[in-house]
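My numbering puts the sequence shown at residues 10 to 346. All residues carry an ideal CB built from backbone N, CA and C; glycine is no exception. Keep in mind it's a predicted model, so treat the numbers as computed, not measured. Let me begin by presenting the structure, written as structure tokens, before commenting on it.
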Amino acid sequence: MKKVLVTGGAGFIASNFLHYMVDKYPNYNFVCLDALTYAGNYNNLEPIIDKDNFKFVKGDITDIRLVDKLFKEENFNWVINFAAESHVDNSISNPSIFLTTNIIGTQILMDKSRKYEVERYHQVSTDEVYGDLPLDRPDLLFTETTPLHASSPYSSSKAGADLLVESYYRTFGLPITISRCSNNYGPYQFPEKLIPVVISKALKDELIPVYGTGKNIRDWIHVYDHNIGIDMILHHGKVGEIYNLGGRSERTNLEVVKTILKYLNKSEALINYVTDRPGHDLRYGIDCTKIENELSWLRTYNFDKGIKETIDWYTNNQNWIEDIETGNYQKTYYQRK
Ligand SMILES: NC(=O)c1ccc[n+]([C@@H]2O[C@H](COP(=O)([O-])OP(=O)(O)OC[C@H]3O[C@@H](n4cnc5c(N)ncnc54)[C@H](O)[C@@H]3O)[C@@H](O)[C@H]2O)c1
Numbered sequence: 010m011k012k013v014l015v016t017g018g019a020g021f022i023a024s025n026f027l028h029y030m031v032d033k034y035p036n037y038n039f040v041c042l043d044a045l046t047y048a049g050n051y052n053n054l055e056p057i058i059d060k061d062n063f064k065f066v067k068g069d070i071t072d073i074r075l076v077d078k079l080f081k082e083e084n085f086n087w088v089i090n091f092a093a094e095s096h097v098d099n100s101i102s103n104p105s106i107f108l109t110t111n112i113i114g115t116q117i118l119m120d121k122s123r124k125y126e127v128e129r130y131h132q133v134s135t136d137e138v139y140g141d142l143p144l145d146r147p148d149l150l151f152t153e154t155t156p157l158h159a160s161s162p163y164s165s166s167k168a169g170a171d172l173l174v175e176s177y178y179r180t181f182g183l184p185i186t187i188s189r190c191s192n193n194y195g196p197y198q199f200p201e202k203l204i205p206v207v208i209s210k211a212l213k214d215e216l217i218p219v220y221g222t223g224k225n226i227r228d229w230i231h232v233y234d235h236n237i238g239i240d241m242i243l244h245h246g247k248v249g250e251i252y253n254l255g256g257r258s259e260r261t262n263l264e265v266v267k268t269i270l271k272y273l274n275k276s277e278a279l280i281n282y283v284t285d286r287p288g289h290d291l292r293y294g295i296d297c298t299k300i301e302n303e304l305s306w307l308r309t310y311n312f313d314k315g316i317k318e319t320i321d322w323y324t325n326n327q328n329w330i331e332d333i334e335t336g337n338y339q340k341t342y343y344q345r346k
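Below is the structure:
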């Protein structure tokens, strides 16, 4: 029996995490704390919203009084922090909110985790904290000991949070773990990120924006595999440790776009090259040998299987995207309350 706080649970990765965990651990109680920012979608919680071992709380992780009250009332065993501003483009136009949520929010959650003596604080981080790798050195990969070298205000805020988490372990003995994962794809991803943008535009025969030449490389992991990794770290990981998670599926952005167009039987003429993102990272490549060896974590998806399933999900759930495009998704919480 555990009482688990999951922050950011109305977002992409954490909603998938909650679907998996609420079902897998009926004896655990899950509380989702989410501010329902533009990226939070209450509809994502539909499969679990009425489950006895799940509760939703609308609130901001930077609201100290609310967070303190919640910790006091619930007496959490575990805290898993997914909540973040997560879109690199937004961090370039408005860095401030990234520092507030991603760094100050992390500090507040850890202060309360100390005060109320949680057994584990887990920080969900990203491979972007390592910076980027050259395109012509496929032999190079990020390991857990690669120095942090972030490029964007988003990745810098995540790197800052990671350093703070490590400092709370060293200074205060807070029982922490950190996971750093590569690019996720799968159902319920907000249609501002590459894969849902490409699928939704291709389905409507709209032009698909591709930054620069489309040669930037990302490592893609299915969100389900990321989440089973976090589950394993929580149950079997060593306190104080960092674990990389990756898909061993590096693809150029252009390859990803062309794969989707081919599966949907759409023309490559839809591809529209646009001015590159400032500071655009060239390549992310992640070495996840540590978690494979130490915790026997294994992926269940390869990219070819995962991307087909994902395209089918968006094709069959076009109303989910339409609700976001019309803004209706932001009304659901208040309608159901
Ligand atoms: N998407 C990826 O490929 C990827 C890869 C590695 C790591 N990550 C990390 O995983 C986590 C989740 O990413 P995602 O893609 O699901 O993000 P997302 O943008 O889809 O969801 C973020 C969620 O956090 C909530 N939130 C934002 N600010 C908040 C605040 N101040 N208080 C409470 N809730 C708040 C939002 O409402 C939303 O529900 C992030 O920490 C991100 O850095 C993402």
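Check: Residues of its chain near Thr261, where Cβ-Cβ distance is below 7 Å and the 5 sequence neighbours each way are ignored; Outcome: Gly223, Lys224, Asn225, Ile226
Check: Contact test: Asp43 Cβ vs ligand 1 heavy atom, cutoff 6 Å; Outcome: yes
Check: First through last residue of the beta strand (DSSP E) which encompasses Phe65; Outcome: 63-67
Check: Whether Asp219 touches Ile280 by CB criterion (7 Å); Outcome: One detail in the question is off: residue 219 reads as Val in this sequence, not Asp. Contact flag set, yes.
Check: Where Lys267 falls: helix, strand or coil (DSSP); Outcome: helix
Check: Sub-7 Å separation of Gly195 and Thr319 beta-carbons; Outcome: yes
Check: Secondary structure, beta strand (DSSP E): runs of 3+ residues fully inside the stretch 109-164; Outcome: 129-135
Check: Residues near Asn38 in its chain [Cβ-Cβ closer than 6 Å; skip 5 each side]; Outcome: Lys12, Asn62
Check: Under the three-state DSSP convention, the category Leu254 falls into; Outcome: strand
Check: Span separating the alpha-carbon of Leu157 from that of Asp77; Outcome: 31 Å
Check: Top-ranked residue by Cα proximity to Thr115, from Ala23, Asp141, Asp171, Arg129; Outcome: Asp171
Check: As assigned by DSSP and simplified to three states, the class of Val88; Outcome: strand
Check: Proximal residues to His289 (C-beta, below 7 Å), its chain only, five neighbours per side dropped; Outcome: Tyr220, Gly221, Asn225
Check: Cys297 beta carbon near ligand 1 (any heavy atom closer than 6 Å); Outcome: no
Check: Coil, strand or helix - His244 by DSSP; Outcome: helix
Check: Rounded C-alpha distance that separates Asp240 from Tyr47; Outcome: 27 Å
Check: Any non-hydrogen atom of ligand 1 within 6 Å of Phe21 CB; Outcome: yes
Check: Sequence-distant residues of its chain with Cβ nearer than 6 Å to Glu201 (five each side left out); Outcome: His96
Check: Phe199: CB within 6 Å of a non-hydrogen atom of ligand 1; Outcome: yes
Check: Glu128 versus Asn84 - alpha carbon distance; Outcome: 10 Å
Check: beta-carbon Gly49 near ligand 1 non-hydrogen atom, thresh 6 Å; Outcome: yes
Check: Nonlocal neighbours in the same chain, by C-beta distance under 7 Å from Ser122, ignoring five residues either side; Outcome: Val88, Tyr130, Leu183
Check: 7 Å Cβ cutoff met for Leu263 and Leu144; Outcome: no
Check: Straight-line Cα distance separating Gln132 from Phe26; Outcome: 14 Å
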